[in-house]
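One rule links them: number in the numbering used here = place in the sequence shown (from 1) + 1. Note that the Cβ used here is the ideal one computed from N, Cα and C, for glycine as well.
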Amino acid sequence: MGACISSMVRRIKQAMEACVSSMVPQIKKKQAMETRCVSSEVWQRKQREQRGWDLICGSSGVDIYIDNKVKEQIMSALSVRDQGENIIGLCGPKKRVEHSAQTAIRRAEKDHSFQKIVTTTVTKKPDITKIQTEIGNAIGLNFNDKTYVAVSTGCTRFGNSKRMITAERADLLCAKMKELQTVLIVMYDLHGRLNLGEIGIPFGEDHNGCKILLTSTSLEVLSKQMKVHKLIRDMA
Numbered sequence: 002m003g004a005c006i007s008s009m010v011r012r013i014k015q016a017m018e019a020c021v022s023s024m025v026p027q028i029k030k031k032q033a034m035e036t037r038c039v040s041s042e043v044w045q046r047k048q049r050e051q052r053g054w055d056l057i058c059g060s061s062g063v064d065i066y067i068d069n070k071v072k073e074q075i076m077s078a079l080s081v082r083d084q085g086e087n088i089i090g091l092c093g094p095k096k097r098v099e100h101s102a103q104t105a106i107r108r109a110e111k112d113h114s115f116q117k118i119v120t121t122t123v124t125k126k127p128d129i130t131k132i133q134t135e136i137g138n139a140i141g142l143n144f145n146d147k148t149y150v151a152v153s154t155g156c157t158r159f160g161n162s163k164r165m166i167t168a169e170r171a172d173l174l175c176a177k178m179k180e181l182q183t184v185l186i187v188m189y190d191l192h193g194r195l196n197l198g199e200i201g202i203p204f205g206e207d208h209n210g211c212k213i214l215l216t217s218t219s220l221e222v223l224s225k226q227m228k229v230h231k232l233i234r235d236m237a
């Protein structure tokens, strides 16, 4: 009986040793892979630091970096008070250019570069009325059919008798924006040509203090359809 138990214990011990032996290579392989991944991540971070990239978003599990050179290009373009450089295009992956634009906005707010900074999202099917309303609300213009609103902007032909059409809203918005010495309009996610005049956004000779920052994933949209004055590429 004792010999039988000893034999059983020996076989169990041998089986366990064989199991452990078979697992060791896999454990070592996994450890080596983890070491390589960590080393690769450290190397990538060092490369980004050397290139002057800042980590601006890592809470979602995906790190998003902004190139400091791109940030400086944006700020430089925003600071130019030249009629030939009112419209700035920022091209690159959607999340990346949005974060770059938001970083520039925070910098502009800190430096008090503009009296008003307005942001709006355009999307594939632009809603002109929605865009006008968002910009109007941000600069203190409340669109409605009340006569006093029309009178306050000097456009007395608007009254209670009808609902304002897009062109009339554009006139009101344009007049209100011209009251501001400096204003920055940031428009995210352009997918095609957008008529800024139809919205009521003055620029150039009409309002040299108005800067317009457009973001898009499409180089063609910015360069050919919108004909931006300054194009900045924000690529990974």
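Residues near residue i in its chain [Cβ-Cβ closer than 6 Å; skip 5 each side]
i, result
"LYS188", "Lys is not the amino acid found at residue 188; the sequence shown has Met there. Cβ neighbours of MET188 beyond the five flanking positions: THR121, VAL123 and LEU215."
"ALA78", "ILE89 and LYS231"
"LEU185", "PHE115, ILE118 and LYS212"
"LEU220", "CYS92"
"LYS95", "THR218"
"GLN135", "The sequence given here places Glu at residue 135; Gln does not occur at that position. Closer than 6 Å at the Cβ level, and outside the excluded window around GLU135, lie THR121."
"THR183", "PHE115, GLN116 and GLY210"
Own chain residues within Cβ distance below 7 Å of residue i, not counting five before or after
i, result
"ARG108", "MET76"
"GLU99", "TYR189 and THR216"
"PRO127", "LEU195"
Secondary structure of residue i, DSSP reduced to three states
i, result
"ILE202", "coil"
"LYS96", "helix"
"ASP68", "strand"
"ARG107", "helix"
"ILE132", "helix"
"MET188", "strand"
"VAL181", "Val is not the amino acid found at residue 181; the sequence shown has Leu there. If DSSP states are grouped into helix, strand and coil, LEU181 belongs with coil."
"VAL81", "coil"
"ILE166", "coil"
"ARG194", "coil"
"LEU173", "helix"
"LYS225", "helix"
"LEU220", "helix"
"SER101", "helix"
"ASN143", "coil"
"ASP207", "coil"
"ARG11", "helix"
Exposure of residue i, with buried meaning 16 or more beta-carbon neighbours within 10 Å
i, result
"LYS177", "buried"
"ILE255", "In the structure displayed, the chain extends from 2 to 237; residue 255 sits before or after that span and is not available."
"MET227", "buried"
"ASP235", "buried"
"ALA151", "For ALA151, the predicted structure reports a pLDDT of 47, less than 50, and the residue's modelled location is therefore unreliable. The matter cannot be settled from this model."
"ALA168", "exposed"
"ARG11", "exposed"
"SER101", "buried"
"GLY198", "exposed"
Start-to-end residues for the alpha helix (DSSP H) that takes in residue i
i, result
"GLY90", "Unbroken run through GLY90 is the beta strand (DSSP E), 88–92; no alpha helix (DSSP H)."
Residue interval of the beta strand (DSSP E) (run including residue i)
i, result
"VAL119", "117–122"
"ARG234", "231–234"
"THR216", "211–217"
Sub-8 Å separation of residue i and residue j beta-carbons
i, j, result
"LEU173", "ILE140", "no"
"ASN196", "ARG82", "no"
"ILE200", "ALA171", "yes"
"GLN74", "ILE233", "yes"
8 Å Cβ shell around residue i - same chain, five flanking residues per side excluded
i, result
"ARG194", "VAL222, GLN226 and MET227"
"HIS192", "VAL123, THR124, LYS125, SER217, SER219 and VAL222"
"LYS111", "none"
"VAL229", "ILE88, ILE89, GLY90, LEU215 and LEU223"
"ASP207", "CYS175 and LYS179"
"SER80", "SER114"
"ILE129", "THR167, GLU199 and ILE200"
"ILE106", "ILE118, THR120, LEU185 and VAL187"
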